[in-house]
Every structure is written in C-alpha cells, then in structure tokens.
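Report on one structure; see the data block that follows.
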Amino acid sequence: MPDSQPQPPHSSSPASSGDPAALLLCGARLTDGRTVDVRLGGGRIEAVGTVGSLSAYATRVDLSGYLLLPAPAEPHAHGDTALSADADGPVSYDPQDVQRRATEAALLQLGHGATALRSHIRIGDVQGLGALAAVLQARRALRGLAELTAVAMPRVLTGVAGVDGLAMLRDAVKMGASVVGGCPDRDPDPTGYVEAVLEVASEHGCPVDLHTDGDDPARLARLAAMTGGLRPGVTIGPCGGLGRLPAEVASRAADQLAAAGVTVACLPQGGCGGAERRATAPVRLLRAAGVRVAAGSGALRDVANPVGRGDPLEAAYLLASRHGLRPEEAYDAVSTSARAVLGLPEVRVEAGFPAELLAVRGDRLAGALSLAYSRIVVHRGRVVARTSAVREYCNTPAAAALDLPRQGRTELS
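Quick note: to get this note's numbering, add 2 to the position in the sequence shown (first position is 1).
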C-alpha cells in the first residue's frame with residue numbers, strides 16, 4: 003500500500019542513527035550541482051548534508067561519480083505476457099509460467115531503477131483469473147524489493163457476453179487487483195464498457211486505468227465527461243492516436259482531459275498488447291494543456307514488442323530526444339508523474355521523504371539519460387539492485403593520450 007504523506011524527518015543526532023539498517027550515501031551529486039551525503043533510516047531520508055557532515059553508525063555506500071535521483075516508477079507494464087516473445091506456440095498462461103515471467107520482468111525493471119510497478123493483467127477467456135492469481139503471488143514474492151500492483155483487464159463488459167466479464171472484474175478486485183481497467187475500444191459498446199468499469203471502481207474505491215488509442219475525439223470527450231473528478235484517479239493510455247488528429251481537434255481533447263483531471267500514460271518505447279498501433283501520444287501538446295503525462299514501458303519482450311527493454315530511463319531519453327522535452331521534464335514523466343499515477347507520495351532528495359532513490363553514473367541529468375549504464379537502486383532505505391558497467395579500450399596512442407581506461411588482460415591490435 004502506498005504511504006500517505008511524507009513524514010517529518012527523524013532527529014539528526016547520532017543517537018538516531020543506531021538503526022542497524024541505516025545507510026549513509028556518501029559523495030552523491032544532486033541535479034542542482036551540490037555534492038552531498040544522504041543518511042537513510044526507517045525507510046526515509048533522515049538528513050542531507052555537505053560531504054563529511056553527517057556522523058552516523060551506518061553502512062556507507064560510496065556514490066562518488068554518481069547522480070542521485072528520485073527512483074523511477076513503472077506506470078504501464080504487462081507482467082502476464084512479459085518475456086514470452088521466444089515461446090514456441092501461443093503464450094502459456096499456466097500459473098507457474100505467468101508467475102515466473104512476472105517476477106523476472108519486475109526484477110529486470112527494478113534493476114533499471116523502477117521500485118514500483120503497475121501491471122495490466124488480462125482476466126477472462128481461457129486464463130480466467132489464473133493469470134491474476136499468479137501475478138499477485140509474484141507481488142508477494144517481491145515484497146521488500148519492489149511494489150507491484152495489478153490492473154484487472156476484462157475483455158468484454160457489455161451485452162450478454164459482458165455479464166460474465168463484469169462478475170469476473172468484481173471477483174478480481176476481491177482477490178487483490180487494486181486497479182480496474184481494460185480496453186473499451188474493443189468492446190461493442192465502448193461507452194458502456196467505461197460505465198461498467200467506473201461502477202466497479204466506485205463500489206470499491208479503486209483507481210481506473212484504461213487502454214485507448216485516443217483517435218476518436220467524441221469518445222475521448224465522453225470519457226472525460228464521465229470520469230471528471232473521480233477519485234482516486236483515472237489514467238488512460240497509450241493515446242498514440244491523439245497525435246494523428248488535426249491539431250485543433252487534438253488540442254480541444256487535451257483541454258477536456260486536463261479539465262477532468264485525467265492522466266495520460268504514454269509508451270515511448272513501443273506499444274503493448276492492449277493498443278492497436280504503435281505511436282507515442284503528443285506529450286508536448288498534452289503538457290501544454292495541463293494534462294499530467296507519465297511514461298511507461300508497455301511490452302517487455304512479448305509479441306507486441308519482442309525487443310522491449312522496460313527501462314524508464316530509456317523512456318525518458320526518448321521523450322527528450324524525439325519529443326523535445328527538457329531532460330528534467332522527461333525524467334519527471336518516469337518518476338514524479340509516474341509515482342503520482344500509482345498513488346505514491348512524491349520523492350525528493352530531502353529530509354523526510356521516502357528513501358526511494360536511483361544513483362546513476364554521471365554528473366548531469368542529460369548525460370545520465372544518454373549513458374545510464376551503472377546504477378544503484380534504493381527501495382525503502384536499502385540497496386536492492388546494482389548494475390555495473392565497465393568500458394575499456396585497447397592499448398593505442400589515442401587511448402593513452404586521452405587517459406582512457408585500457409584493457410588489463412589482453413591487448414588488441
């Protein structure tokens with residue numbers, strides 16, 4: 003469950019640092035250019051001070067040469083189909099296979115930095131509620147490493163065929179799906195589908211997260227009117243079709259979504275099984291209208307994107323390089339805005355905020371998004387993943403002149 007609000011920082015006296023799980027992150031660089039020490043305890047940031055100023059009986063982690071950031075979050079994953087692209091024949095929905103894939107996918111994304119994930123899970127048809135049960139089991143196995151929440155995605159919710167889907171959606175929420183969603187565009191009655199989802203969400207106080215291409219302005223207008231002001235929140239995505247509409251029409255739709263408080267989760271790295279086409283929503287237009295835009299990964303090496311990486315920093319890189327967002331805006335889409343979609347509290351590298359952090363080799367955010375290879379991930383105040391990358395060059399005059407790291411065991415000619 004997400005925390006409610008950032009708590010006041012603990013005392014910075016040495017007595018407060020007796021927690022054996024306390025961490026002292028030493029020599030980290032912040033995005034404002036400062037180099038600091040950061041003390042963590044009780045799952046929160048206890049203190050931030052100049053290098054060497056924080057005395058603490060704590061495990062020390064040297065972050066010299068690293069940029070320290072709020073950890074990313076993954077607002078749009080598909081754990082039930084992840085890592086299935088190489089399977090022979092149809093995707094297996096055997097519970098053990100789904101649990102293994104969902105767990106491995108979450109750990110891969112954790113290694114990239116995402117300490118919280120929202121996974122859309124199909125229910126109904128041949129898999130029934132089995133895939134959901136398997137992902138919920140994966141969630142329990144991941145406790146302490148990452149926060150995984152499940153979105154129940156029924157196929158049809160209207161007409162005679164939708165009766166079973168609606169009953170199964172209610173059962174899914176009782177099982178532990180904390181978000182309700184699906185693909186209204188694929189239902190014979192898209193408006194009726196949304197109405198059914200909103201009814202279940204209202205009954206259980208759940209957030210709503212719907213797949214839509216966003217290429218029908220009338221349908222978007224109805225959705226905005228139906229969901230306006232709904233708490234705890236409505237997210238739609240990937241909305242790639244919104245970018246194919248005439249500029250004036252797209253701008254009007256963006257204004258309607260902003261007025262309704264609807265968040266758009268775009269997929270810069272590719273599509274997903276819940277979207278008909280691959281395209282990225284017009285993020286600059288949406289942001290200009292006041293729409294909160296988060297960025298997710300979508301397909302992670304399944305048939306919808308066999309080379310999907312599930313890397314939030316790659317998503318931010320694409321938003322900056324292809325869509326013209328400043329690095330800070332692009333990173334916000336995979337961190338602050340993505341956490342807001344998941345109902346999680348904001349993270350800042352300041353005392354009192356949750357200790358959900360990502361250290362990336364580099365000294366500027368733009369460089370980190372460009373070459374984010376080495377990473378250290380902190381969840382609930384402890385290091386949960388490390389990725390180290392070493393680059394060496396053969397012994398040549400050019401490498402020697404630039405003092406580049408050279409290969410230690412064999413020399414290439």
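Quick reminder that beta carbons are idealized off the backbone N, C-alpha and C, glycines included.
Where residue i falls: helix, strand or coil (DSSP)
i      : result
Val165 : helix
Ser15  : The predicted position of Ser15 is uncertain, since its pLDDT is 36 and thus under 50; no value can be drawn from it.
Thr193 : helix
Ala306 : coil
Glu201 : helix
Ala23  : coil
Val293 : coil
Thr52  : strand
Gly275 : coil
Arg377 : strand
Thr338 : helix
Thr229 : helix
Val392 : coil
Glu348 : coil
His78  : strand
Gly300 : strand
Alpha carbon of residue i to alpha carbon of residue j, nearest angstrom
i      : j      : result
Ala2   : Ala24  : This structure gives no information on residue 2, because the portion of the chain shown stretches from 3 to 415.
Asp211 : Pro156 : 12 Å
Ile125 : Gly35  : 48 Å
Ala135 : Gln101 : 9 Å
Ala203 : Pro209 : 6 Å
Leu406 : Tyr395 : 7 Å
Ala353 : Ile47  : 5 Å
Ile378 : Pro219 : 43 Å
Ser376 : Gly67  : 10 Å
Gly275 : Leu404 : 47 Å
Ala301 : Leu147 : 22 Å
Thr229 : Arg62  : 48 Å
Ala322 : Pro270 : 10 Å
Ala116 : Leu259 : 27 Å
Leu144 : Leu315 : 22 Å
Gly167 : Asp217 : 25 Å
Ala401 : Arg393 : 12 Å
Arg164 : His206 : Checking the sequence, you will find Gly at residue 164 rather than Arg. Whole-angstrom Cα-Cα distance: 19 Å.
Same chain, Cβ closer than 6 Å to residue i, neighbours up to 5 away in sequence not counted
i      : result
Gly416 : A question about residue 416 goes unanswered here, because the residues of the chain that appear run from 3 up to 415.
Ala318 : Ala332, Tyr333, Val336 and Leu371
Gly45  : Ala357, Arg382 and Gly383
Residue i beta carbon near the ligand PLP (any heavy atom closer than 7 Å)
i      : result
Ala357 : Of the ligands one can find in the structure shown there are none, so the ligand PLP has no counterpart to examine.
Contacting residues, own chain, Cβ-Cβ under 7 Å from residue i (five flanking each side not counted)
i      : result
Leu131 : Ile125, Met170, Asp173, Ala174 and Met177
Arg221 : Pro192
Gln129 : Tyr95
Val38  : Ala30, Leu32, Val50, Gly51, Thr52 and Val53
Leu284 : As written in the sequence, residue 284 is Pro, which differs from the Leu given in the question. Leu244, Gly245 and Ala252, listed in sequence order.
Arg363 : Gly67, Tyr68, Tyr375 and Ser376
Pro186 : Pro192, Tyr195, Val196, Leu212 and Thr214
Arg294 : Thr265, Ser339 and Ala342
Per-residue burial, residue i [other beta carbons within 10 Å of its own, 16 or more giving buried]
i      : result
Arg388 : exposed
Gln7   : The pLDDT assigned to Gln7 is 35, lower than 50, so where the model puts this residue is not dependable; a value taken from the coordinates is nonetheless given after this. Classification for Gln7: exposed.
Thr55  : Inspection of the sequence shows that residue 55 is occupied by Ser rather than by Thr. By the neighbour-count rule (16 or more Cβ atoms within 10 Å), Ser55 is not buried but exposed.
Asn307 : buried
Gly298 : buried
Glu358 : buried
Ser339 : buried
Val380 : buried
Asp64  : exposed
Cβ-based neighbour list, residue i, same chain, cut-off 8 Å, excluding 5 preceding and 5 following
i      : result
Thr160 : Asp189, Pro190, Asp191, Gly194, Tyr195 and Ala198
Val305 : Thr83, Ser86, Ala87, Val93 and Gly275
Sequence ranges, alpha helix (DSSP H) only - wholly within the stretch 100-161, length at least 4: As for any alpha helix (DSSP H) of minimum length 4 sitting wholly inside the stretch 100-161, the runs are 132-143, ordered along the chain.
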